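Q:
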Amino acid sequence: MAGTDIVIIGGAIVGASVAYFLREEGFAGSITVIERDPTFARASTTLSAASIRQQFSLPENIRLSRFTLGFFRELKDRFGPDADIGFREKGYLILAGQDGVGLLAANHAMQTAEGADIVLEDAAALRKRFPWLSTEGIAAGAYGRSGEGWFDAHALLSLMRRGLKERGVTLVTGEVAAIERAGGQGGDRVASVTLADGRRFDAGLVVNAAGQNGGRVAALAGIDLPVEPRKRSVFVFEARERFEDMPLTVDTSGIWVRPEGAAYITGGAETEEGEGPADPDDFEPDWHLFEEAIWPALAARIPAFEAIRPGRAWAGHYDYNRFDQNAVIGPHPQIANFVFANGFSGHGLQQAPAAGKALAELIVHGGWRSIDCSAFGYERIVENRPFRELNVI
22 MAGTDIVIIG GAIVGASVAY FLREEGFAGS ITVIERDPTF ARASTTLSAA
72 SIRQQFSLPE NIRLSRFTLG FFRELKDRFG PDADIGFREK GYLILAGQDG
122 VGLLAANHAM QTAEGADIVL EDAAALRKRF PWLSTEGIAA GAYGRSGEGW
172 FDAHALLSLM RRGLKERGVT LVTGEVAAIE RAGGQGGDRV ASVTLADGRR
222 FDAGLVVNAA GQNGGRVAAL AGIDLPVEPR KRSVFVFEAR ERFEDMPLTV
272 DTSGIWVRPE GAAYITGGAE TEEGEGPADP DDFEPDWHLF EEAIWPALAA
322 RIPAFEAIRP GRAWAGHYDY NRFDQNAVIG PHPQIANFVF ANGFSGHGLQ
372 QAPAAGKALA ELIVHGGWRS IDCSAFGYER IVENRPFREL NVI
């Protein structure tokens with residue numbers, strides 16, 4: 022049995038960010054990060070489309086991403102002159118038909134009020150800016166001219182994990198099998214975390230950063246957290262034409278596409294209707310989505326994509342918050358030393374540094390400082406107050 026001041030369950034980008042910023046905020050105690058697979062072969066972090074945007078419907082989500090954007094711009098100062106995550110600041114283009122213009126315009130007004138560099142253009146302006154785009158059925162589009170794009174998730178995670186080692190954070194490989202509360206499962210504090218191999222860690226505070234397994238980990242502590250894995254497939258294809266100016270483009274259907282090296286990647290055909298939790302061991306791409314939904318939508322929106330060559334594909338899992346598709350960040354209201362960093366619903370990679378900073382300040386200083394994450398608190402679930410993000414991609 023070992024004792025540690027803070028146990029973080031989950032060592033991918035969210036857990037690593039919490040640990041990193043705990044040290045940045047001056048926490049000198051012991052930190053143990055537990056990760057079941059240090060290769061991260063099935064982690065949401067490494068299987069994502071690795072993008073960042075400011076085009077959300079809630080100002081709180083914009084603030085998280087804007088903090089992360091600033092973090093990206095400081096990487097060389099933080100990690101050295103060789104730090105590079107290949108950030109391609111090509112923007113997002115979110116398209117809307119006539120029925121979606123009102124919401125797009127309202128979101129745009131709020132985004133620009135938050136300082137995001139987003140332009141709202143009608144179909145004629147979009148055709149002029151992006152001649153490869155068909156604007157049939159399009160009334161307007163919101164385009165992020167800066168502060169949005171995509172990057173190398175593996176490189177970012179490697180930098181963060183290296184930073185943890187340099188800062189004296191203990192990295193443990195193992196799977197959490199039990200969480201004990203002081204005085205039994207009705208106790209108001211978490212006492213220890215036990216791994217499947219029998220190792221036990223007495224803990225002063227536990228952070229749940231277990232990604233798609235966040236709901237299962239919370240259940241080990243007797244806590245109901247509506248977070249579950251939802252499978253998302255990403256497909257690679259090649260085309261004759263190369264559009265160097267292409268942002269990550271989101272069609273009115275929800276299907277998205279962006280350049281990736283000499284090829285393109287695409288996804289977004291899954292629907293919530295009838296969708297339930299994914300088998301945690303199912304990482305087989307749903308190829309039928311490409312043939313039945315994605316390719317027809319791409320060909321209609323970008324005529325040059327009528328003739329393409331499909332390539333490989335992969336699938337990953339969102340840590341999907343079925344309550345309101347927004348993150349749960351902060352302590353449990355009754356079990357104060359159990360802290361959530363869960364349910365990012367596909368936004369975890371881009372919001373992780375901000376969530377890590379916010380939680381570190383809360384833990385070390387006793388309150389929100391740089392980023393107020395009180396709106397993401399678990400209390401809203403208990404009180405049935407959804408805090409719904411409308412721009413979920």
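Count along the sequence shown from 1, add 21, and you get the number used in this note's numbering.
Just so it is clear, CB atoms sit at the ideal spot from N, CA and C, and this is done for glycine as well.
Note that the structure is a prediction, hence the values are computed from the model and not measured.
Do Arg148 and Ile141 have their beta-carbon atoms positioned less than 8 Å apart in this structure?
A: The displayed chain sequence assigns Leu, not Ile, to residue 141. Contact flag unset, no.
Q: Is it true that the stretch 301 to 316 meets the stretch 122 to 134, where meeting means three or more beta-carbon pairs spaced less than 8 Å apart?
A: Cβ pair count under 8 Å is below three, so no.
Q: Using only alpha-carbon positions, find the residue among Ala290, Thr89, Thr67 and Ala117 that is nearest to Ser179.
A: Out of Ala290, Thr89, Thr67 and Ala117, Thr67 has the C-alpha closest to the C-alpha of Ser179.
Q: Can you give the Cα-Cα distance for Ala284 and Phe258, rounded to whole angstroms?
A: Approximately 6 Å, taken between the alpha carbons.
Q: Smallest Cα separation from Glu291: which of Gly367, Val190 and Leu79?
A: It is Gly367.
Q: If you draw a straight line from the alpha carbon of Ala348 to that of Asn82, how long is it in whole angstroms?
A: Using only the alpha carbons, I get a separation of about 9 Å.
Q: Give me the Cβ distance between Ala24 and Glu56, rounded to the nearest whole Å; I'm assuming they're in contact under 8 Å.
A: Rather than Ala, the amino acid found at residue 24 in this sequence is Gly. So it is not a contact: roughly 20 Å between Cβ atoms.
Q: Could you tell me the alpha carbon to alpha carbon distance between Leu96 and Ala37, rounded to whole angstroms?
A: Spanning the two alpha carbons is a distance of roughly 15 Å.
Q: Can you check the stretch 234 to 309 for any alpha helix (DSSP H) of at least 4 residues that lies completely inside it and give the ranges in chain order?
A: With a minimum length of 4 residues, the continuous alpha helix (DSSP H) runs that stay inside the stretch 234 to 309 are 235 to 241.
Q: Report yes if the CB atom of Gln372 is closer than 8 Å to the CB atom of Ser86, and no otherwise.
A: Yes, they are a contact pair.
Q: Looking at Ala242 and Val193, is the spacing between their C-beta atoms short of 8 Å?
A: No; because the gap between Cβ atoms is not below 8 Å, this pair is not in contact.
Q: Would Gly47 and Ile27 qualify as a contact pair, given that the criterion is a beta-carbon distance under 8 Å?
A: Taking 8 Å as the Cβ cut-off, Gly47 and Ile27 do not qualify as a contacting pair.
Q: Between which two residues does the beta strand (DSSP E) harbouring Tyr341 extend?
A: Tyr341 -> beta strand (DSSP E) spans Ile329 to Asn342.
Q: Judging by CA-CA distance, which residue of Leu177, Val122 and Gln75 is the nearest neighbour of Phe374?
A: Sequence inspection shows Pro at residue 374; the Phe mentioned does not correspond to that position. Nearest C-alpha to Pro374: Leu177.
Q: According to DSSP, which residues form a beta bridge with Asn229?
A: The partner list for Asn229 (beta bridge, DSSP) reads Ile30 and Phe361.
Q: Taking the straight line between their C-alpha atoms, what separation do you get for Asn363 and Leu370?
A: Cα to Cα, Asn363 sits roughly 12 Å from Leu370.
Q: Candidates Glu404, Gly337, Arg330 and Pro268: which alpha carbon is nearest Gly165's?
A: Measuring from the Cα of Gly165, the nearest candidate turns out to be Pro268.
Q: Classify Glu171 as helix, strand or coil using the three-state DSSP reduction.
A: It is worth fixing the name first, because residue 171 is Trp in this sequence and not Glu. Three-state result, Trp171: strand.
Q: Check Phe93 in the structure and name its three-state DSSP category.
A: Note: Phe93 maps to helix in three-state DSSP.
Q: For Leu411, which three-state DSSP category applies?
A: The answer is coil: DSSP assigns Leu411 none of H, G, I, E or B.
Q: Quick one: what does DSSP say Val190 is sitting in, helix, strand or coil?
A: Val190 falls in the coil class under three-state DSSP.
Q: Going by the beta-carbon positions, is the gap between Val248 and Asn342 smaller than 8 Å?
A: Yes, the Cβ-Cβ distance between Val248 and Asn342 is below 8 Å.
Q: Taking only three categories from DSSP, how would you classify Glu382?
A: Helix at Glu382.
Q: Kindly indicate which three-state DSSP category Phe61 falls into: helix, strand or coil?
A: Three-state DSSP puts Phe61 in coil, outside helix and strand.
Q: Roughly how many angstroms lie between the CA atoms of Asp58 and Gly195, to the nearest whole one?
A: So the two alpha carbons sit approximately 8 Å from each other.
Q: Assuming contact is defined by CB atoms lying nearer than 8 Å, are Phe311 and Phe256 in contact in what I supplied?
A: Yes, the pair counts as a contact, with Cβ atoms nearer than the cut-off.
Q: Assign Leu124 to one of two classes, buried (16 or more other C-beta atoms within 10 Å of its C-beta) or exposed (fewer than that).
A: Label assigned to Leu124: exposed.
Q: Going by Cα to Cα distance, which pick from Ala117, Asp173, Gly219 and Phe408 is closest to Thr156?
A: Measuring from the Cα of Thr156, the nearest candidate turns out to be Ala117.
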